[in-house]
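Peer 1: Residue numbers (this note's numbering): 131 to 361. Cβ atoms here follow ideal geometry from the backbone N, Cα and C, with glycine treated the same way. What you are looking at is a predicted structure, and each value in this text was computed from that prediction instead of being measured.
1) Compare the beta carbon distance of residue 208 and residue 176 with 8 Å and say whether it is the shorter of the two.
2) Which ranges would you report for the alpha helix (DSSP H) in the stretch 264–350 if only whole runs of at least 4 residues count?
3) Give me, in chain order, the residues of the same chain whose beta-carbon lies closer than 7 Å to that of residue 294; leave out the 5 immediate sequence neighbours on both sides.
4) As a quick exercise: from 320, 302, 219, pick the residue whose alpha carbon is nearest that of residue 259.
5) On a CA-only basis, which of 328, 206, 319 is nearest residue 287? Give me that one, please.
6) Taking the C-alpha atoms as reference points, what is the distance between residue 355 and residue 345?
7) Report back the beta-carbon spacing between residue 213 and residue 274 to the nearest angstrom; my notes put them in contact at under 8 Å.
8) Considering only residues of the same chain and omitting the five flanking positions on each side of residue 182, which have a CB-CB separation below 6 Å?
9) Is there contact between the stretch 249–259 and the stretch 325–334, where contact requires at least three CB pairs shorter than 8 Å?
10) Since residue 243 contacts residue 347 with CB under 8 Å, what's their CB separation in whole angstroms?
11) Go ahead and label residue 151 buried or exposed: buried means 16 or more other beta carbons lie within 10 angstroms of its beta carbon, across all protein chains shown.
12) Buried or exposed: where does residue 263 fall if 16 or more other Cβ atoms within 10 Å of its Cβ makes it buried?
13) Out of 304, 325, 326, 328, which has the shortest C-alpha to C-alpha gap to residue 353?
14) Tell whether a beta-carbon distance below 8 Å holds between residue 204 and residue 169.
15) Looking only at its chain, what residues have a beta carbon closer than 7 Å to the beta carbon of residue 323, apart from the 5 residues adjacent to it on each side?
16) Inspect the beta-carbon positions of residue 278 and residue 201 and report whether they are closer than 8 Å.
17) How about residue 328 and residue 265: do their beta carbons lie closer than 8 Å?
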């Protein structure tokens, strides 16, 4: 079954822990899709609360309001569930940034950087448990899940690389060619600050990182910043 589920903010959390109505009119496929979404959301929640190592299948199915049989019809193991959950949540997070870009004129790359960054950080703040699982627990779940994390942030680095090479340098060809690794270092550093914020202040403070993050991106892109470093 596809991992192309949509977690629509708090709507995705509203029904977790409550079973389907006894007399629903959903098809078998609709039931299975609903159960999969509930399992994914439940996993993201309880993993943030207990830590990946401590979470059990029983914890997940109890929170999701489904049977163990329903779980194993979707996922073979807890790790498989993490892989499926990660793919869904990463798609939502990355989609938030690209959706923000779609509202900005293509030529205005400066506004694009700001909008994409602010929307990306805002989405993380709205779902603290999902963000904790995606940013913290994924690195403790073994190499396969960690590889998905690095692939996801690699896609963000690629987005910045394309913006620099095809928008920034098109506007100003005198700006230097930057090595691809520059964008990996940028995104890796930003991700580390997000994790530090989670540990010290909580997800609700993540949007406060936007000004410094935007200034950092602008500096890499060769913008002349005013005294004090504000973009």
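Peer 2: On the basis of the coordinates in this document:
1) no
2) 273–293, 310–330, 340–350
3) 308, 351
4) 219
5) 319
6) 8 Å
7) 7 Å
8) 267, 270, 271
9) yes
10) 5 Å
11) For residue 151, the predicted model reports a pLDDT of 49, less than 50, meaning its position is unreliable and no value from the coordinates is stated.
12) buried
13) 304
14) yes
15) 339
16) no
17) yes
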